[in-house]
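In my numbering, the protein residues as written are -18 to 116.
We treat Cβ as the ideally placed atom computed from N, Cα and C, and that holds for glycine.
Notes for the one structure printed next.
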């Protein structure tokens, strides 16, 4: 599981960093040097893959891979609520300072970028961690 976690983490961080960089270059999200969001994306990639590895290690019985596939897909679908609410203006951009409107013009871009990052992290986890779970 440790090897699968490291491979999944490296894949998620690399892809998400590249996608965030591309999104910042086209103006969908703030530039890399303008905010701390890039570091947050990398930290979130680590956190998501670590959580997946911890949960996946509990799936050991027969038929575990099928249950894992269903549960992880449900979690992915539920995870879209946050970026959609952010893009729609129902969540503050900064939970630490909800009144801050510095990055309001990027609200839709954040929603789109975060949704894509959820999918890429999910795919990285399924590619490596999901395959370690027994059938």
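query                                                                                                                                               : result
Determine the burial state of residue 24: buried for a count of at least 16 other Cβ atoms within 10 Å of its Cβ, exposed for fewer.                : exposed
Taking the C-alpha atoms as reference points, what is the distance between residue 94 and residue 44?                                               : 34 Å
Measure from the alpha carbon of residue 30 to the alpha carbon of each residue in 100, 72, -16 and -10, then state which is nearest.               : -10
Distance check for residue 114 and residue 50, CA to CA, integer angstroms please.                                                                  : 10 Å
Could you round the C-beta distance between residue 61 and residue 74 to whole angstroms and report it? I think they count as a contact, below 8 Å. : Incorrect: roughly 17 Å between the Cβ atoms, too far for contact.
Taking DSSP as the reference, what is the three-state secondary structure of residue 82?                                                            : coil
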